[in-house]
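Written below as structure tokens is the structure these notes are about.
What follows is the structure, encoded as structure tokens:
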């Protein structure tokens, strides 16, 4: 069969009618050209070349994939060309709990692994949860592992040169001054009295109102308001009134929380990318800039107001001595040149202490009450201990004091060993600061053999440490306050095994106050109410500098029957 072609007569004109039969003729030559052996062979060669190239690309891809995945056994994560471990990090960020994802890797790698990212070297780091390594970098070789320039650059917009990010002389000066103040009798009296006022005049009325209105509340939000007001009184000497009926929106509180969340995003984003986002005012950087303006505005107003107050009181030394907040203390000091500290420096100091005092206690209490809901036997033990301690009061034995108006005394709080253990166990599983950062000044080697080059960033995973069988045993994921008790008395663990309050020279200055604050608030709530988490409420950690609950903690409160429920513990004959 031959191919056919259209041909026109020589005398063809467009307007001339033609015979269709004259248009169609067969052209043997065209068919023979297409079917020529040379043409067929060339087409086959091109087709085979395409197949070979595809097979080659496929073979290279399979080889690279197999090689990269094999690295998982040695390195902890697949290592891809150029991208390194970045794809795995993106996967981890998309999980419900990135800290759990990190824990699984550390468990596979015996507590330490190197995170590699060829494309973005700022993410390269050593991640560890080995207590030997933590003692080495936090204590033994403390001078070789400061916060470092990477950490300071990342948090500078929020924390400035405050105690969290400072190193060397700047850090030492702030810590020394704060340490003297924290251990003074005047400071202890201020913190104790302000806490009693906040709990009984604000916290309990807000909780009671929720019962009367019969609606669930976000307990995390309420606890954040409590500790925020408390720490603002201590750091700035002002009461923002965050915790009050109606739960008003406080711009500074919202700005502060947004700023901490946006700052954490920088740690999981390549430096060049977040700096570009900051330059063009995009995404999280846009939120950070806006929120920091709110933080700065509040701090500036407070500092200016305090300066005016102090200038008016300068002739009355007694009034000046009555103030014991950190802002006033640092305003009375001089820098190395003998000049008063700048407003920016004062702002940085106070913002750092607010971060330390507000989030750690409130976040820890939130996870604590969530764990109590899942472990009712622990709640029973706390209630029994509380009532046993209260039974020693003579006025309760005589029936002269109403249980609902009862205020716990400092010596009673100190005796609550089981409550102390229950809070410590909550902090072990859900530390307020889940990860922290250091940087090597010189080449070094960890006790586990990990080699550290100068400038290496070290991430120590505090959240993961609480879930390591090698540290806490096979029941490490269980909530068991009893692991902290010896003959009924609380026994603390090594700061390099339980690092919720850091360790070494940077051990948290406010540790004792944090425990007192948490114990006082928890005992005051548990004694009066049974806290029940709303059914099907989703609880998961939020990616931020501190481990907030992403969706808050929705709870309902049920008032205890003092005439029946508590008397079985008090054992008082009225």
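Numbering (my numbering), first residue to last: 227 to 800.
Every residue gets a Cβ at the ideal spot worked out from N, C-alpha and C, and that includes glycine.
What you are looking at is a predicted structure, and each value in this text was computed from that prediction instead of being measured.
Give the DSSP-derived three-state secondary structure of residue 736 in the structure shown. In the three-state reduction of the DSSP assignment, residue 736 falls in the coil class.
According to DSSP, simplified to helix, strand and coil, what is residue 678? Residue 678: strand per DSSP, three-state reduction.
Secondary structure at residue 765, three-state DSSP: helix, strand or coil? Correct three-state label for residue 765: coil.
Return the CA-CA distance between residue 584 and residue 686, expressed in angstroms with no decimal places. If you draw a straight line from the Cα of residue 584 to the Cα of residue 686, it is about 22 Å long.
Hey, quick one: how far does the alpha helix (DSSP H) through residue 588 stretch, first residue to last? Boundaries of the alpha helix (DSSP H) around residue 588: 586-600.
Count the other CB atoms within 10 Å of the CB of residue 477; is the residue buried (16 or more) or exposed (fewer)? Its Cβ having fewer than 16 others within 10 Å, residue 477 is exposed.
Tell me which same chain residues have a C-beta within less than 7 Å of the C-beta of residue 521, skipping the five on either side of it? Listed in chain order, the non-local C-beta contacts of residue 521 below 7 Å within the same chain comprise 478, 481, 482, 485 and 577, local neighbours out to five positions each way being set aside.
Have a look at residue 319 and residue 694 and give me their C-alpha separation to the nearest angstrom. Near 21 Å, if we compare the C-alpha coordinates of residue 694 and residue 319.
With residue 651 and residue 709 assumed to form a contact (beta carbons below 8 Å), what rounded beta-carbon distance in angstroms separates them? That belief holds up - the Cβ atoms of residue 651 and residue 709 are roughly 7 Å apart, short of 8 Å.
Which of helix, strand or coil does DSSP assign to residue 604? Residue 604: helix per DSSP, three-state reduction.
Looking only at its chain, what residues have a beta carbon closer than 7 Å to the beta carbon of residue 303, apart from the 5 residues adjacent to it on each side? So the list reads 311, 314 and 331, once near-sequence residues are dropped.
Expressed to the nearest angstrom, what Euclidean distance is found between the alpha-carbon atoms of residue 653 and residue 589? For residue 653 and residue 589, the gap between their C-alpha atoms comes out near 9 Å.
Measure the alpha-carbon distance for residue 674 versus residue 359 and round it to whole angstroms. Those two C-alpha atoms are separated by around 7 Å.
Among 524, 492 and 373, the one whose alpha carbon lies nearest that of residue 349: For the residues 524, 492 and 373, the minimum Cα distance to residue 349 belongs to 492.
Output the distance between the C-alpha atoms of residue 757 and residue 659, rounded to the nearest integer angstrom. In this structure, the straight-line span from the alpha carbon of residue 757 to that of residue 659 is close to 25 Å.
Please go through the same chain and pick out, in chain order, the residues whose beta-carbon is closer than 6 Å to the beta-carbon of residue 374, but skip the five residues on each side of it. Excluding five sequence positions before and after residue 374, the CB atoms of its chain that fall closer than 6 Å to its own CB belong to 665, given in chain order.
Closer than 8 Å by C-beta to residue 325: which residues in its own chain qualify, once you throw out the five before and the five after it? Chain order, please. Here the set comprises 660, 661, 687, 689, 690, 767 and 773.
Nearest residue (CA-CA) to residue 582, options 468, 692, 677 and 453: Checking every option, the nearest Cα to that of residue 582 belongs to 453.
Beta bridge counterpart(s) of residue 662 as assigned by DSSP: Per DSSP, 686.
Starting from residue 413, follow the alpha helix (DSSP H) in both directions and report where the run begins and ends. For residue 413, the uninterrupted alpha helix (DSSP H) segment begins and ends at 411-424.
Within 8 Å of any Cβ in chain B, is that where the Cβ of residue 643 sits? Going by chain labels, chain B is absent from the structure shown, which holds only one protein chain.
With burial defined as no fewer than 16 other Cβ atoms inside 10 Å of the residue's Cβ, what is the status of residue 388: buried or exposed? By the 16-neighbour rule on beta-carbons within 10 angstroms, residue 388 is buried.
Whole angstroms is fine: what's the gap from residue 621's alpha carbon to residue 467's? One C-alpha to the other measures close to 34 Å.
Simplified DSSP assignment, three categories, for residue 705: Here residue 705 sits in coil by DSSP.
Find the nearest neighbour of residue 309 within the set 328, 342, 299 and 557, judged by alpha-carbon distance. Cα-wise, what sits closest to residue 309 is 342.
For residue 729, name the three-state secondary structure that DSSP assigns. DSSP, reduced to helix, strand and coil, places residue 729 outside both helices and strands of the structure shown, so it counts as coil.
Following the continuous beta strand (DSSP E) through residue 351, name the residue where it begins and the one where it ends. Counted as a single uninterrupted DSSP element, the beta strand (DSSP E) harbouring residue 351 occupies residues 351-354.
With 16 other Cβ atoms within 10 Å as the buried cut-off, status of residue 538: Answer is exposed; the Cβ neighbour count stays below 16.
Bounding residues of the alpha helix (DSSP H) (the contiguous stretch that carries residue 505): Annotation for residue 505: the continuous alpha helix (DSSP H) segment containing it runs 497-506.
Roughly how many angstroms separate the alpha carbons of residue 561 and residue 575, rounded to a whole number? CA-CA distance, residue 561 to residue 575, rounds to 14 Å.
For residue 376, report the span of its alpha helix (DSSP H) as first-last. Under the DSSP assignment, residue 376 falls in the alpha helix (DSSP H) whose first and last residues are 374-385.
Beta carbon of residue 735 nearer than 8 Å to that of residue 451: Against a cut-off of 8 Å, the Cβ pair of residue 451 and residue 735 comes out as no contact.
Using the three-state DSSP reduction, which class does residue 254 fall into: helix, strand or coil? Because the pLDDT at residue 254 is just 45, under 50, the model does not fix this residue reliably, and the point stays unresolved.
Can you give the beta carbon distance from residue 649 to residue 510, rounded, assuming they're within the 8 Å contact cut? Going by Cβ atoms, the distance from residue 649 to residue 510 rounds to 32 Å, so no, they are not a contact pair.
Beta strand (DSSP E) runs wholly inside the region 311-348, at least 3 long, in chain order: The region 311-348 is shown to contain whole beta strand (DSSP E) runs of 3 or more residues at 338-341, in chain order.
Under 8 Å, do residue 469 and residue 529 count as touching if we go by C-beta distance? No, Cβ-Cβ distance for residue 469 and residue 529 is not below 8 Å.
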